[in-house]
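What follows is a short report on a single structure.
Residue numbers (the numbering used here), protein chains in the order written: chain A, 12 to 478; chain L, 12 to 478.
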C-alpha cells in the first residue's frame, strides 16, 4: 500500500490513521490501528468507526477493515459487542506519562491562606440561569471577534454597579475588561514604566510580576491609617494602593491621605492605581467609597470577581483615566479580549438581574459570621493575641507577641493549618511604619463543615507556640 | 451633618452615598442624591432603596429621606410610581461620554476577510447543554484557584481528541491551556528568545506580536510545496510553520519537508512550532496528520477553538515538548490560568459528548459548499483568475494577473466587499518563492443569506478591476 492516510467520518467521529510501510493493505491497517492503541493515542473505551465507513474513507475493501478489526479483537486490542460497536479494549495498559508529573504539595486539612472565597459557595444555579439568558439573548456578533475592551453589555453594567456600590465615576468607554487584577497590573506596568511606589505591606505575587515587567517598586510605609502617602516624592510614575482595606494589615486609608494621594498624582503627573480587591466586603464600619471618585483622571481603579465570586472565571476590570485607555488596549493586543465573551455576557446578566448583589450579600453575612467566630474564639482561648484589620475583607491579622511568628507558623503547620505570616508580605526595602509579628488568617476558604475544626486547630497551634 | 457615608442594603441592592458638606441633613442628602443622578453615577431607570431602609442605614429620620425623595421627584430627577418604587427619571440626560469614542471603521456589507467562522453558526443550544452538565457535575475545586496548565478534564479530552483526529502524540501533563494562538506565541516567545524562522507568507499580526516580544523573525521562502525548510540553518531558536495548510497560500507542507523540519530541530536543538489553525477543516484531499506526531520532543503544537467554534471563547492549547512545559508555565504566571475554568469544563464536556465533532462536521460541510460555490462562480464569471489553496481551511487564494492586486482591492471596497490582498501577508524581508498578486478570500464569515450577494459583488469587483 502506498504512503497515504485517511480519515473516517462516521457517526460524527473522525479517526486519523497514517497508512505507511510495507505489506498488504490488511497488514498495514492492522499495524496502524495496533500502534494507535498501543501508544495510547486511542484511549481505552474509544469507539472505532463501523468498518463499512472506515473502508469507504480509506478506499479499501470492507473485508479488509473487517479482517483487521477481527484480528485486533483476537489479539485483545479491541473488543466487539453487539450494539456498542468496536471499541478499544479497557484492559490495554495506558502508556506511562512521558511528562514528569508535577510535584503535589501535600495539602493541609485546614486552609486559612487569605484571598480565596470558598469554592463550594459558588452560585452555580444562578450563574447557569444567567448563562442561559445571556447566550439566548446574545446578538450573533457576540460569537465573532470581540472588542478588546470587553463586551459593551458588561462595561455598561459595571459602570452602573461600580457607581452605585463603590462610588466610581466613569463611562463604559473607560472600562477595559481583563482576566483579573494580575493581568491589569501587567498591562499597566507596560504603559507606566519606571518606578512604582507600593505599600510597605502587599502581595509578594504582585511585586514579583511588576519586577518581571521591569517595574522597580519602592515601599511607602504603612501605619494604622494606611500608607503614608504624604511621604511620596517626585519619581514614581504610579502609586499602587489598597485604600478601602489595606492589604493585608486591614485598615482603610485615612481621608486626609486619600486627598494627599490625589494631590501627589496631580502635582507630579503620576497615577494612583487603586486595587479594590475586596471593596464589597465591609462589615460594621461605614463603607469607604472608591478613591477613584475623587479624580477619575488620575486614579485607575482595578477590580475583579476573584474574591466576590470565583478566581476561576478570570474576569477583572480596569476603570481608567481617559489618557490611559488607548495605551492599555495597545498593551493588551488589539485582537486579544482575553476574557470569554460568553462569560462576560453571563456576568452582565448576573449584575443586571441582581444575582451578583444577592450573592455578595449572602457571602458578606457569611464572612461576617466567620470573622466574629474567629475573634470570639481567639479572645477566649488565646488572649495573648490581638485580632486587627477586621472591619472588612476575607481575612484578619492576628498580631503576635514580638519574635513568635516563625514558631506560630511552624506550630500551625504541625496542627494541619495552612496560613501565612505577616512578615512575608513586607516589602524587602520597607523601613518604618508597622512592623509586627502576625498571621494573616483568611477565613473565607474552608467549607462550612471544616471551619470550626480550622479555628480549633489554629487556637491549639497558637497556644502551643506562645506557651 | 458630619462627614460620613452610608450604604443602604435593601432588596439585595446597595447604594453608596457620600454625605458631606454644610446644611441640614435633608439638604445634604438631596445634594448627594442629585449629584449621583446628575453625574450619571445612578443611571436612568435605577431603582432607589425604599426610604425606610435608606433612613435606617444612614441613621437619619425616615421623614428626612421621604422629603428628599419628594423634593427630587418634584425637581424631575426621580420618578415615583405605585408598585415600582422610586427610580431615576428616564428623561435625565446621560452625561456625555468622557472617553473619546473609538473610531468605528465603516463596515462593508460583505465580509470576506479570512479567519473568522460565521458568528451566527455558533452552536448555542449544544454549548449551553454542555455548560449545564459541566457546571452541575464540576467538583467544588473547579471554582477555586485553578491549575495554570488548565483543567485536567479538558487536557484529558484534548489529548484524546487531538490523538484521534490530528495524530498528535501526547499526555495531558504536556498540554497547557491558554487564551488562543496569539497567547501561545507570546508565551513561547518568552522562553525561546532570539530569532525565529517564519514562513515567508503569514499573519502580520503574528509577526507583530513576536517583534513586540523581542523576537526577530526571518522568512523562509514558501512555494507550492510549502515552506522551504531545507534552507534553514543554525541560528533560529524556532521555526513557526503551518504544515497542514500553509497560511495563507494554502498548500500542505510536502512530506520530505516535514521530515526536514524535524531533522533541523534535532540537529540544531531548535523547536518546530506547529500552528494547526484550521487542521480540522480539510475537504477533498487526504488529511495531513500533525507534524507533532513525528517528534513530540521537538515539535510544539498550537491549536484553538477560534476557527472551529468561536474566537470569543478565548480557549487555545499548546501541546509541548516535555522540556518546555515548566518554562511556559513560568511565563504564563503561576496563578494565571487565563481561561475560565467553567468554559474549560464546558469544552471538555462538548468534546466528550461528541458535540464538538458534530459541530466541526456540520461546519466542514458548509465550508466545502461555500468553497465550491466560490470556485464555480469565479470560474464562470472571472476566468482570468485562478483559485488555489482550496483543499482545506476557511479561505482560498484568488490569484490575480500580475500588477492587478491593488486595483482589485480598490474595486472590492467600492463594491462593498471587505477582503485582503495576498501581498499584505508577505514578510517584509522575504525573497524568493511565491510572489503573486492575489486576494485572500475568507468564505466562512458571511451569514448564509448574504453569501450569494458577497460572491456576486466579488465577481463584479474583479470584473471591473481586470477589464
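All C-beta atoms, glycine included, are put in the ideal place defined by N, C-alpha and C. Just so you know, these numbers come straight off a predicted model, no measurement behind them.
Subject >> Candidates 173(L), 129(L), 124(L), of which the one nearest residue 155(A) by Cα >> reply: Position 144 of the first chain, counting from 1, holds the residue named residue 155(A). If you compare the alpha carbons of 173(L), 129(L), 124(L) with that of residue 155(A), the shortest gap goes to 129(L).
Subject >> Three-state secondary structure assigned by DSSP to residue 232(L) >> reply: One-based indexing of the second chain puts residue 232(L) at position 221. Reduced to three states, the DSSP call for residue 232(L) is coil.
Original post:
Which chain A residues are close to residue 156(L), counting only those with a beta carbon under 7 Å from its beta carbon?
Top reply: Within the second chain, residue 156(L) is the residue found at index 145, counting from 1. Residues of chain A passing the Cβ test: 127, 322.
**OP:** Excluding the 5 residues preceding and the 5 following residue 379(A) in the sequence, name in chain order all residues of the same chain whose CB lies nearer than 7 Å to its CB.
**Re:** Your numbering for residue 379(A) matches position 368 in the first chain. Beyond the five residues adjoining it in sequence on each side, residue 379(A) comes within less than 7 Å, by CB distance, of 294 in the same chain, given in chain order.
**OP:** Could you list which residues in chain A have their beta carbon closer than 7 Å to that of residue 152(L), in chain order?
**Re:** Within the second chain, the letter at position 141 stands for residue 152(L). Within 7 Å Cβ-Cβ: 130.
**OP:** Determine which residues share a DSSP beta bridge with residue 312(L) and list them.
**Re:** Here the question's residue 312(L) lines up with position 301 in the second chain. Assignment of beta-bridge partners to residue 312(L) by DSSP yields 285(L), 330(L).
Original post:
Can you give the Cα-Cα distance for residue 338(A) and residue 250(A), rounded to whole angstroms?
Top reply: Translated into the one-based positions of the first chain, residue 338(A) becomes position 327. Translated into the one-based positions of the first chain, residue 250(A) becomes position 239. Whole-angstrom Cα-Cα distance: 18 Å.
Original post:
So which residues of chain A does residue 133(L) contact, with C-beta pairs closer than 7 Å?
Top reply: As a first step, residue 133(L) must be located in the second chain, where it is residue number 122. Per Cβ cutoff of 7 Å: 154.
**OP:** Could you give the DSSP three-state label for residue 426(L): helix, strand or coil?
**Re:** As a working note, residue 426(L) is residue 415 in the second chain. Annotated three-state conformation of residue 426(L) is coil, per DSSP.
Original post:
With a CB to CB cut of under 7 Å and the five nearest residues on each side skipped, what residues in its chain are close to residue 495(L)?
Top reply: Nothing about residue 495(L) can be read from this structure; chain L reaches only from 12 to 478.
**OP:** Anything in chain L within Cβ reach of residue 199(A), meaning under 7 Å, just list it in chain order.
**Re:** Mapped onto the first chain, residue 199(A) falls at position 188. For residue 199(A), there are no neighbours in chain L by C-beta distance under 7 Å, as the nearest C-beta there is about 15 Å away.
Subject >> Meets three-Cβ-pair contact criterion under 8 Å: the region 193-200 of chain L and the region 71-85 of chain A >> reply: Not touching, per the Cβ criterion.
**OP:** Please list the partners that residue 57(A) has in chain L, where partner means a Cβ-to-Cβ separation under 8 Å.
**Re:** Start at 1 with the first residue of the first chain, and residue 57(A) comes out as number 46. Under the 8 Å cutoff, chain L gives 171, 175.
**OP:** Note down, in chain order, all residues in the region 67-78 of chain L with a beta-carbon under 7 Å from any beta-carbon belonging to chain A.
**Re:** Within the region 67-78 of chain L, no residue qualifies.
**OP:** Taking all protein chains shown into account, decide if residue 7(A) is buried (16 or more other Cβ within 10 angstroms of its Cβ) or exposed.
**Re:** This structure gives no information on residue 7(A), because the portion of chain A shown stretches from 12 to 478.
**OP:** Check whether the Cβ of residue 214(L) sits closer than 6 Å to any heavy atom of the ligand NAP, and report yes or no.
**Re:** Absence of the ligand NAP from the depicted structure is noted, as is the absence of any ligand whatsoever, leaving it without description.
**OP:** Scan the region 333-354 of chain L for residues whose Cβ lies nearer than 7 Å to a Cβ of chain A and list them as they occur along the chain.
**Re:** If the cut-off is 7 Å between Cβ atoms, the region 333-354 of chain L has 333, 336, 344, 346, 347, 348, 349, 350, 351, 352, 353, 354 near chain A.
Original post:
Going along chain A, which residues have a C-beta under 7 Å from residue 53(L)?
Top reply: Within the second chain, residue 53(L) is the residue found at index 42, counting from 1. For a Cβ distance threshold of 7 Å, residue set 174, 175 of chain A lies close to residue 53(L), ordered along the chain.
Original post:
Are the region 235-245 of chain A and the region 258-267 of chain A in contact at 8 Å, needing three or more beta carbon pairs?
Top reply: Segment contact: the region 235-245 of chain A against the region 258-267 of chain A, three or more CB-CB distances shorter than 8 Å; contact assigned.
**OP:** Only counting runs of 4 or more residues, tell me where the alpha helix (DSSP H) segments fall wholly within the region 324-389 of chain A, in order along the chain.
**Re:** Fully contained in the region 324-389 of chain A are the following alpha helix (DSSP H) runs of length 4 or more, in chain order: 333-343, 352-363.
Original post:
Tell me which same chain residues have a C-beta within less than 6 Å of the C-beta of residue 443(L), skipping the five on either side of it?
Top reply: By one-based count along the second chain, residue 443(L) stands at place 432. Excluding positions up to five away in sequence, the list reads 232.
Subject >> Sheet register partners of residue 409(L) (DSSP bridge) >> reply: Numbered from its first residue, the second chain carries residue 409(L) at position 398. In DSSP, residue 409(L) forms a bridge with 398(L), 450(L).
Original post:
Which same chain residues, not among the five before or five after residue 163(A), have their C-beta less than 7 Å away from its C-beta?
Top reply: Here residue 163(A) refers to the residue found at position 152 of the first chain. Counting only Cβ-Cβ distances below 7 Å, and skipping sequence neighbours, we find 183.
Subject >> Any 3 or more C-beta pairs closer than 8 Å across the region 385-401 of chain L and the region 351-361 of chain A >> reply: Between the region 385-401 of chain L and the region 351-361 of chain A there are fewer than three inter-stretch CB-CB distances shorter than 8 Å, so the stretches are not counted as touching.
Original post:
Looking at C-alpha atoms only, which residue of 386(L), 192(L), 97(L), 131(L) is the closest neighbour of residue 287(L)?
Top reply: On the second chain, residue 287(L) is found 276 positions in, with the first residue counted as 1. Selected option, being the one with the closest Cα: 192(L).
Subject >> Contact set between residue 220(L) and chain A, taken where Cβ atoms lie within less than 8 Å >> reply: Counted from its first residue, the second chain places residue 220(L) at position 209. By Cβ distance, chain A contributes 344.
Subject >> Three-state secondary structure assigned by DSSP to residue 29(A) >> reply: Residue numbering aside, residue 29(A) sits at position 18 when the first chain is read from its first letter. Residue 29(A): strand per DSSP, three-state reduction.
Original post:
Looking at the C-beta of residue 30(L), does it have a partner C-beta in chain A at a distance below 7 Å?
Top reply: Within the second chain, the letter at position 19 stands for residue 30(L). It does not; no Cβ of chain A falls within 7 Å.
Original post:
For residue 255(L), which of 355(L), 230(L), 88(L), 291(L) has the nearest alpha-carbon?
Top reply: Your numbering for residue 255(L) matches position 244 in the second chain. Proximity to residue 255(L) across 355(L), 230(L), 88(L), 291(L) peaks at 291(L), based on C-alpha coordinates.
Original post:
Going by the CB atoms, is the gap between residue 426(A) and residue 468(A) shorter than 7 Å?
Top reply: Stepping through the first chain from its first residue, residue 468(A) is reached at position 457. Stepping through the first chain from its first residue, residue 426(A) is reached at position 415. In this structure, residue 426(A) lies closer than 7 Å to residue 468(A) by Cβ.
Original post:
Out of 460(L), 458(L), 449(L), 438(L), which has the shortest C-alpha to C-alpha gap to residue 208(L)?
Top reply: For this step, residue 208(L) is matched to residue 197 along the second chain. For residue 208(L), the nearest C-alpha among the options comes from 438(L).
**OP:** Identify whether residue 177(L) lies in helix, strand or coil by the three-state DSSP scheme.
**Re:** Locating residue 177(L) in the second chain gives position 166, where the first residue counts as 1. Assigned with DSSP and collapsed to three states, residue 177(L) falls in helix.
Original post:
In chain order, what residues of the same chain have a beta carbon less than 7 Å from the beta carbon of residue 176(A), not counting five sequence neighbours either side?
Top reply: Taking the first chain and counting its residues from 1, one reaches residue 176(A) at position 165. For residue 176(A), the CB contacts under 7 Å within the same chain, skipping 5 residues up- and downstream, are 291 in chain order.
**OP:** Please compile the residues from chain L whose C-beta is within a distance smaller than 9 Å of the C-beta of residue 300(A).
**Re:** Locating residue 300(A) in the first chain gives position 289, counting from the first residue. Result: 16, 27, 28, 29.
**OP:** Can you give me the start and stop residues for the alpha helix (DSSP H) that residue 92(A) sits inside?
**Re:** On the first chain, position 81 is the one that residue 92(A) refers to. For residue 92(A), there is no enclosing alpha helix (DSSP H); the enclosing beta strand (DSSP E) covers residues 89-92.
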